[in-house]
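Heads up: the sequence shown begins at 1 in the UniProt record's numbering, then just goes up one per residue. Each residue gets a CB set at the ideal place from its N, CA and C atoms; glycine is no exception. Have a look at the structure below before the remarks.
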Amino acid sequence: MDSDKTGGQCATVDRSSGSDIAWQTSFNWAGDNWQVKSYANAALKFDPVQISNVTSIPTTMEYTYKYDGNIITNVAYDLFTSPSIGGETAYELMVWLAALGGAWPLTTTGQPIKSVTLGGVEFNLYQGWNNKTKVFTYRQEHGHELHGRPEAVF
1 MDSDKTGGQC
11 ATVDRSSGSD
21 IAWQTSFNWA
31 GDNWQVKSYA
41 NAALKFDPVQ
51 ISNVTSIPTT
61 MEYTYKYDGN
71 IITNVAYDLF
81 TSPSIGGETA
91 YELMVWLAAL
101 GGAWPLTTTG
111 QPIKSVTLGG
121 VEFNLYQGWN
131 NKTKVFTYRQ
141 EHGHELHGRP
151 EAVF
């Protein structure tokens, strides 16, 4: 994260019912535009499960941005795994639904390690590191936003 902590963000829950949530975030940060400032998120709490037992992750998402051309950001599903329940994170898997302002995934080479089609959408898969966590990021090959049904990816 950026060492310049000038600025801030405010997240507001508009409504919540069961596993449905509507929320918004506004932010204004100073410092280097390429440094991560924060991770505004809505997270679903659940009991840990072994990844081999996961056959699908039913999900839907709608989002909008008021984009003034001055932000670097992404919209993503983010999944963390650990070799043991409550253990340190070993892997992070992201599926980017949007990349705005030149946002780019963590990558050790700057090149994708593979191209795949998920739910009819072509993605490049990047691999990088965030401290001790190995990060895999699926980023669309064409365009900046995944239109249609993001749930088809899962």
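Check, Outcome
"Report the rounded CA-to-CA distance for residue 67 versus residue 54, giving the unit in angstroms.", "35 Å"
"Examine the Cβ distances between the segment 112 to 122 and the segment 79 to 90 and report whether three or more of them are shorter than 8 Å.", "no"
"If you measure between the beta carbons of residue 28 and residue 8, is that distance less than 8 Å?", "yes"
"Might you give, ordered along the chain, the residues of its own chain that have their beta carbon closer than 7 Å to the beta carbon of residue 15, omitting 5 neighbours on each side?", "22"
"Express the C-alpha separation of residue 74 and residue 97 in angstroms, rounding to a whole number.", "7 Å"
"Rounding to the nearest angstrom, what Cα-Cα distance links residue 35 and residue 113 in this structure?", "24 Å"
"Let me know the secondary structure DSSP gives residue 57 once reduced to three states.", "coil"
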